[in-house]
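In my numbering, the protein residues as written are 162 to 245.
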(Lines of atoms letter the chains of each structure in order from A and count residues from 1; the text may use other names and numbers.)
(Lines give C-alpha, C1' and ligand atoms only; values in the text may rest on other atoms or scores of the structure.)
Protein backbone atom coordinates (compact mmCIF):
# COMPACT_ATOMS: atom_id res chain seq x y z
CA UNK A 1 0.00 0.00 0.00
CA UNK A 2 2.78 2.43 0.91
CA UNK A 3 4.71 1.45 -2.21
CA UNK A 4 1.64 2.08 -4.37
CA UNK A 5 1.11 5.47 -2.70
CA UNK A 6 4.76 6.36 -3.35
CA UNK A 7 4.40 5.35 -7.00
CA UNK A 8 1.28 7.51 -7.33
CA UNK A 9 3.08 10.38 -5.62
CA UNK A 10 6.04 9.96 -7.99
CA UNK A 11 3.68 9.97 -10.99
CA UNK A 12 2.01 13.14 -9.71
CA UNK A 13 5.42 14.76 -9.14
CA UNK A 14 6.60 13.72 -12.62
CA UNK A 15 3.46 15.12 -14.21
CA UNK A 16 3.80 18.35 -12.22
CA UNK A 17 7.44 18.68 -13.30
CA UNK A 18 6.49 18.04 -16.94
CA UNK A 19 3.73 20.65 -16.79
CA UNK A 20 6.04 23.14 -15.08
CA UNK A 21 8.71 22.58 -17.74
CA UNK A 22 6.08 23.04 -20.45
CA UNK A 23 4.84 26.29 -18.88
CA UNK A 24 8.41 27.56 -18.54
CA UNK A 25 9.10 26.75 -22.19
CA UNK A 26 5.88 28.51 -23.25
CA UNK A 27 6.80 31.56 -21.17
CA UNK A 28 10.30 31.65 -22.67
CA UNK A 29 8.88 31.37 -26.18
CA UNK A 30 6.42 34.18 -25.48
CA UNK A 31 9.23 36.34 -24.08
CA UNK A 32 11.33 35.61 -27.17
CA UNK A 33 8.42 36.62 -29.42
CA UNK A 34 7.96 39.83 -27.44
CA UNK A 35 11.65 40.67 -27.72
CA UNK A 36 11.56 40.06 -31.46
CA UNK A 37 8.51 42.30 -31.76
CA UNK A 38 10.23 45.04 -29.78
CA UNK A 39 13.37 44.69 -31.90
CA UNK A 40 11.35 44.81 -35.12
CA UNK A 41 9.52 47.92 -33.92
CA UNK A 42 12.81 49.58 -32.95
CA UNK A 43 14.25 48.80 -36.39
CA UNK A 44 11.12 50.16 -38.06
CA UNK A 45 11.33 53.39 -36.06
CA UNK A 46 15.04 53.69 -36.82
CA UNK A 47 14.37 53.25 -40.55
CA UNK A 48 11.63 55.88 -40.42
CA UNK A 49 13.99 58.28 -38.64
CA UNK A 50 16.69 57.62 -41.24
CA UNK A 51 14.23 58.38 -44.06
CA UNK A 52 13.19 61.56 -42.28
CA UNK A 53 16.83 62.64 -41.86
CA UNK A 54 17.59 61.79 -45.49
CA UNK A 55 14.71 64.02 -46.61
CA UNK A 56 15.95 66.85 -44.38
CA UNK A 57 19.45 66.40 -45.77
CA UNK A 58 18.17 66.47 -49.35
CA UNK A 59 16.35 69.75 -48.62
CA UNK A 60 19.51 71.26 -47.09
CA UNK A 61 21.64 70.11 -50.03
CA UNK A 62 19.16 71.65 -52.46
CA UNK A 63 19.18 74.91 -50.48
CA UNK A 64 22.98 74.98 -50.62
CA UNK A 65 22.95 74.29 -54.37
CA UNK A 66 20.45 77.10 -54.90
CA UNK A 67 22.55 79.51 -52.84
CA UNK A 68 25.69 78.50 -54.74
CA UNK A 69 23.92 79.00 -58.08
CA UNK A 70 22.66 82.45 -57.00
CA UNK A 71 26.15 83.46 -55.87
CA UNK A 72 27.65 82.16 -59.11
CA UNK A 73 25.03 84.06 -61.12
CA UNK A 74 25.71 87.22 -59.12
CA UNK A 75 29.46 86.81 -59.64
CA UNK A 76 29.02 86.34 -63.40
CA UNK A 77 26.72 89.36 -63.62
CA UNK A 78 29.26 91.40 -61.66
CA UNK A 79 32.10 90.34 -63.95
CA UNK A 80 30.03 91.05 -67.06
CA UNK A 81 29.15 94.50 -65.73
CA UNK A 82 32.85 95.22 -65.22
CA UNK A 83 33.63 94.14 -68.77
CA UNK A 84 31.03 96.47 -70.28
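The beta-carbon is built from N, C-alpha and C at its ideal position, and this holds for glycine as well.
| Query | Result |
| --- | --- |
| Would you give the residue range spanned by the alpha helix (DSSP H) that residue 242 belongs to? | 163 to 244 |
| How many Å lie between residue 193 and residue 225 at the Cα? | 47 Å |
| Taking the alpha-carbon positions, what's the residue 240 to residue 232 distance? | 12 Å |
| Pull up the distance between the alpha-carbon of residue 183 and that of residue 173, whole angstroms please. | 15 Å |
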